[in-house]
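Numbering (full-length UniProt numbering), first residue to last: 1 to 614.
Here's the structure we're looking at; comments come further down.
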């Protein structure tokens with residue numbers, strides 16, 4: 001039988017069996033077995049075992065997703081490089097000879113095979129002497145008895161790569177070579193109450209009560225936590241630290257997070273709502289890749305940042321651009337990277353707490369119009385909700401104008417949508433041409449009332465009304481009323497709750513008042529409004545009760561002012577004192593209204609001649 005080229009030496013160059021070739025006398029595991037004969041057609045049986053090893057390594061370390069990708073990538077390179085050399089022997093490449101792929105977390109697991117046979121100091125001294133003048137810390141050293149190896153972590157890529165170069169170069173005390181494997185991996189840690197208590201004790205030493213500053217620089221390297229992995233870039237660790245700060249030092253003003261390999265800050269959003277006094281943050285020598293990552297701090301009163309040594313700074317060609325972009329996000333910043341900044345010129349309003357006016361449901365520009373508004377709306381909606389809206393003809397001016405708008409939100413069902421209002425609406429953000437705009441603006445009281453009569457039947461909820469009386473003179477009144485109403489569907493069985501906003505321009509007419517211009521907007525009610533609409537727990541009250549609670553009645557003038565008003569009324573109307581007093585008394589001493597009533601009655605010749613006798 002013809003032998004394969006390359007012999008057995010090159011078969012499965014990455015197999016773990018070759019580790020035992022160097023140390024076959026260290027254990028009694030080497031047992032000779034008879035050679036098995038297989039008739040399977042698979043040519044590369046060893047590939048399966050390698051794949052299984054990679055999957056196991058991947059599952060053993062849930063924090064590192066780069067292991068399998070790293071080794072697979074190198075295997076693919078091998079296959080591609082020698083795919084045209086089928087007749088040549090495959091070179092024997094050691095796993096330790098591969099280039100170490102940089103891990104985004106910045107932590108690397110160093111494994112020394114058969115390291116359980118040697119003292120910790122012996123192994124570390126050999127490595128440290130080999131790497132001089134480079135110095136490193138071996139974090140979380142442990143012995144894996146199951147695999148007879150020693151393991152520890154390093155937190156620097158350059159150091160990890162240098163350690164890997166020492167694979168099979170260092171002589172152990174018994175003459176064997178030190179076999180070293182390095183891969184990206186993050187230490188595991190379980191956050192419980194015991195660990196939190198240890199973290200709290202470590203933080204106490206780092207807190208300065210005089211300056212209210214907490215220094216958490218390189219927190220994972222704290223001597224009191226040397227046997228556990230307390231890296232702040234792990235969300236569960238950072239969350240535990242924040243909870244300790246909030247519970248014990250809520251008045252914290254300065255926080256130093258330098259050199260903690262931080263790159264994400266979503267879990268720090270809570271700082272804005274819990275630490276209202278935090279104004280100085282140091283984040284130097286971390287792994288912040290984008291300035292937008294700092295937006296989680298924008299609601300804090302930040303006056304000083306220290307951001308040196310972060311990757312995102314390299315994106316700015318000029319330091320001035322960097323400073324400008326940071327100040328855009330934090331306009332109150334006074335110091336950046338240790339350099340004083342000129343204050344931003346702006347029109348900032350003082351952040352001191354203001355005592356805002358008490359919220360009121362309704363507004364009256366003139367309290368004397370309160371009774372008029374209540375009576376007018378009560379009469380108007382009583383007719384509007386009746387079966388015959390033709391009676392509204394008396395409420396509109398001969399040349400009245402009316403336009404309707406509505407909002408048809410897509411998330412409502414077909415039945416809930418505002419079809420009746422949409423088809424007659426005059427929503428200018430949905431232009432349909434000049435003709436439609438002209439036709440949808442109703443002119444004349446007959447046309448206006450006819451369109452209102454065609455709208456679906458309604459029932460308004462007076463308890464939901466809010467009224468703003470924004471203009472009130474004898475010649476014109478302007479008010480806006482908002483509220484809720486029920487609309488019956490065409491089948492007269494289904495009811496939908498809508499909201500409305502009605503703006504009215506009211507003018508005097510034939511001794512009374514009528515609507516000259518009206519703008520009506522209809523929308524669907526929100527779930528909260530629907531729940532509160534027509535609340536049966538509230539006792540029915542007159543329509544004007546809401547005004548009574550929010551409007552302070554205009555005080556009656558004293559006798560001295562009354563005499564002055566009578567004198568002015570007599571002078572402007574030419575009536576005698578008796579009739580001037582009578583006019584003012586009947587208008588509740590509202591001088592403007594009294595003068596308006598006089599003018600209207602005088603035009604109609606309804607004032608007797610005796611009123612002008614002096």
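Just so it is clear, CB atoms sit at the ideal spot from N, CA and C, and this is done for glycine as well.
Hey, residue i and residue j are a contact pair by Cβ (cut 8 Å); roughly how many whole angstroms apart?
{"i": "residue 474", "j": "residue 581", "result": "The pair is not a contact, with the Cβ atoms about 19 Å apart (cut-off 8 Å)."}
{"i": "residue 241", "j": "residue 265", "result": "Not quite, the Cβ-Cβ distance comes to about 13 Å (not below 8 Å), so this is no contact."}
{"i": "residue 400", "j": "residue 517", "result": "7 Å"}
{"i": "residue 471", "j": "residue 365", "result": "7 Å"}
{"i": "residue 334", "j": "residue 325", "result": "Residue 334 to residue 325, Cβ: 17 Å. No contact."}
{"i": "residue 468", "j": "residue 363", "result": "5 Å"}
Taking C-alpha atoms, which residue in the options lies nearest to residue i?
{"i": "residue 251", "options": "139, 477, 224, 208", "result": "208"}
{"i": "residue 407", "options": "396, 420, 395, 400", "result": "420"}
{"i": "residue 495", "options": "476, 515, 533, 469", "result": "533"}
{"i": "residue 226", "options": "244, 236, 199", "result": "199"}
{"i": "residue 515", "options": "444, 423, 563, 501", "result": "444"}
{"i": "residue 426", "options": "417, 438, 586", "result": "438"}
{"i": "residue 243", "options": "231, 275, 218", "result": "275"}
{"i": "residue 277", "options": "287, 267, 246, 290", "result": "246"}
{"i": "residue 239", "options": "525, 105, 196, 202", "result": "196"}
{"i": "residue 140", "options": "224, 101, 172", "result": "224"}
{"i": "residue 302", "options": "422, 272, 160, 143", "result": "272"}
Beta-carbon separation of residue i and residue j under 8 Å?
{"i": "residue 189", "j": "residue 229", "result": "yes"}
{"i": "residue 481", "j": "residue 377", "result": "yes"}
{"i": "residue 212", "j": "residue 253", "result": "yes"}
{"i": "residue 182", "j": "residue 164", "result": "yes"}
{"i": "residue 107", "j": "residue 191", "result": "no"}
{"i": "residue 418", "j": "residue 451", "result": "no"}
{"i": "residue 584", "j": "residue 565", "result": "yes"}
{"i": "residue 519", "j": "residue 479", "result": "no"}
{"i": "residue 233", "j": "residue 260", "result": "yes"}
{"i": "residue 330", "j": "residue 322", "result": "no"}
{"i": "residue 110", "j": "residue 180", "result": "yes"}
Quick one: Cα of residue i to Cα of residue j, how far?
{"i": "residue 570", "j": "residue 599", "result": "13 Å"}
{"i": "residue 162", "j": "residue 282", "result": "31 Å"}
{"i": "residue 124", "j": "residue 311", "result": "32 Å"}
{"i": "residue 220", "j": "residue 214", "result": "15 Å"}
{"i": "residue 528", "j": "residue 507", "result": "36 Å"}
{"i": "residue 146", "j": "residue 114", "result": "11 Å"}
{"i": "residue 177", "j": "residue 166", "result": "10 Å"}
{"i": "residue 313", "j": "residue 521", "result": "52 Å"}
{"i": "residue 513", "j": "residue 459", "result": "24 Å"}
{"i": "residue 562", "j": "residue 574", "result": "17 Å"}
{"i": "residue 456", "j": "residue 384", "result": "11 Å"}
{"i": "residue 497", "j": "residue 488", "result": "9 Å"}
{"i": "residue 530", "j": "residue 500", "result": "13 Å"}
{"i": "residue 394", "j": "residue 587", "result": "24 Å"}
{"i": "residue 509", "j": "residue 397", "result": "8 Å"}
{"i": "residue 293", "j": "residue 263", "result": "8 Å"}
{"i": "residue 231", "j": "residue 526", "result": "47 Å"}
{"i": "residue 601", "j": "residue 370", "result": "23 Å"}
According to DSSP, simplified to helix, strand and coil, what is residue i?
{"i": "residue 151", "result": "strand"}
{"i": "residue 601", "result": "helix"}
{"i": "residue 484", "result": "strand"}
{"i": "residue 398", "result": "strand"}
{"i": "residue 308", "result": "coil"}
{"i": "residue 469", "result": "strand"}
{"i": "residue 146", "result": "coil"}
{"i": "residue 226", "result": "coil"}
{"i": "residue 478", "result": "strand"}
{"i": "residue 557", "result": "coil"}
{"i": "residue 377", "result": "helix"}
{"i": "residue 126", "result": "helix"}
{"i": "residue 121", "result": "helix"}
{"i": "residue 512", "result": "strand"}
{"i": "residue 238", "result": "helix"}
{"i": "residue 611", "result": "helix"}
{"i": "residue 533", "result": "coil"}
{"i": "residue 369", "result": "helix"}
{"i": "residue 463", "result": "strand"}
{"i": "residue 391", "result": "helix"}
{"i": "residue 74", "result": "Only weak support exists for where residue 74 lies, its pLDDT of 45 falling under 50; the coordinates are left without a value."}
{"i": "residue 104", "result": "coil"}
{"i": "residue 186", "result": "coil"}
{"i": "residue 215", "result": "strand"}
{"i": "residue 181", "result": "strand"}
{"i": "residue 194", "result": "helix"}
Cβ of residue i versus every heavy atom of the ligand MG: is any distance shorter than 7 Å?
{"i": "residue 505", "result": "Because no ligand of any kind appears in the structure shown, any question about the ligand MG cannot be addressed here."}
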